[in-house]
Structures are given as C-alpha cells and as structure tokens.
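Worksheet: the structure to be examined is printed underneath.
Numbering (the working numbering), first residue to last: -13 to 226.
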C-alpha cells in the first residue's frame, strides 16, 4: 500500500484576535507559505493496531498506545478512529513535519492536527469532509488552548479566508477579497503560547467584565469594517 500524505496551511487572524473567543467576529486567512505535512505508511510487519508516530519538530517518537489521552497528536489520531467507528487501525507509521513556527500565532497546532486527520482518514480509506476534519481538530485545539474560538481549525480545514463568529455554525462565511494585497508577517522568534495569552485575558475579563466587553465590542466593529473594506477592493484602507 503506498504512503498517504496530506498537508495543511498555517493561518493568520487579520482582525478580531482574542475578542473572537468572546463571540465577536474575526477575519482570518490561510497562510500557504507555511504548512504542516503528515505521511502515513503501512507497517505490515508490526502488530495489528500499532501506530508509530514520528514528529521530529517536537522531538517525538512514540507508539500511539504509549501516549496519554491529553497528547494533542494522539488525540487527533484517536479522534479519527472514533469518528469512523474503527476500533483498531492497521499497523502503520505516521510522520509529521511542519514549517510553521510553534507558539507564534500562526496556527501550528491546528495545522498539525488537520494534516494528521486528513492523512490518517485517507489511509483508513475513509476521507473526511472539511466540516468533519474541523470538528475533530477543534477538540484537539482544546488541549492546546483551553478555550479556543474554533477559528484556527476552521480557516485551516476549509483552506479559505473566513468571516467567523464563535458558536454559530451558520456564520462560517467565506471572506471575499475583491482586490489582492500583500501581507508581511514577521516572526520575532520568541515563542508565546496562545494558551497563556488566552488565560491572562480571561483573568482580566473576569476582573472587569464591563470594560473588556466594551473593548471586545470595538474589536468586533473593526472586524466588520475591515470586511467591508476587503470586499470593496480597498486594501489601502486596512492600515488606518
């Protein structure tokens, strides 16, 4: 059986970062210059159900059975088996590699999950639709971020610019960009785990909800204005 591979892009949130967790809209786009790639290959000499995982970017080499339930990569693979009602996978080797900087706000975790989910499901002969891929990846995002909005797994699984509102499946809307524009993304090289930022903001919100709800409202309004600008083909107005 030939090896099965799948890739997933990174992402960047243009407007609405963090406020999207609190129900305000956000705009996000896939970043195809960066990606995660998963390759699944049969291991006919291994015991049935054995899944060997290699992820050199995080210095991981382990059997799926040895990883705890809370390990994100393990959760992605187990989520596929559960969704497909497959109690035991054929023996295989899974290798994951990513060019997306970790803990940099570029969706490294969600991209790894999406690439793994797609490749593993295809290896099992049951490719999943973007909606299913996104749903499994969202459960993994909870392990990374605690209270994710769902925007990372959505924009990466669907691989399209989105206008996103948390908790409303009918508000996953394609963002129409009337005129192309260039976006420069700079990486400081200093990791900043999203879960920490999300947790700090939540503590601030709990301490002064009225103030932060007003700030989130303003952030949401900026996101709506930005959508109008992009759909009108006036990217020069994005800076101000």
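Beta carbons are placed, not taken as given, at the ideal position from N, Cα and C, and that holds for glycine.
The shortest CA-to-CA distance from residue 190 to any of -6, -12, 5, 0 is the one to 5. Annotation for residue -2: the continuous beta strand (DSSP E) segment containing it runs -10 to 1. Relative to the Cα of residue 172, the nearest Cα in the group 205, 49, 86, 198 belongs to 86.
CA-to-CA, the gap between residue 44 and residue 89 works out to about 12 Å. One thing to note: residue 41 has its Cβ within 8 Å of the Cβ of residue 82. The secondary-structure analysis by DSSP pairs residue 81 across a beta bridge with 25, 40. In the structure shown, the three-state DSSP call for residue 127 is helix.
About 10 Å separates the beta carbons of residue 174 and residue 91, which is beyond the 8 Å limit, so they are not a contact pair.
Of the other Cβ atoms in all chains shown, fewer than 16 fall within 10 Å of the Cβ of residue 182; this residue is therefore exposed. Per DSSP, the continuous beta strand (DSSP E) segment holding residue 149 begins and ends at 148 to 150. Per the DSSP secondary-structure output, residue 17 pairs in a beta bridge with -4.
Beta-bridge pairing by DSSP links residue 48 to 39.
Counting the other Cβ atoms within 10 Å of the Cβ of residue 102 gives 16 or more, which makes it buried. Under the three-state reduction of DSSP, residue 204 is assigned to helix. The distance from the Cβ of residue 62 to that of residue 122 is about 7 Å, consistent with a contact at the 8 Å cut-off. Put simply, the backbone Cα of residue 134 is about 31 Å away from that of residue 78.
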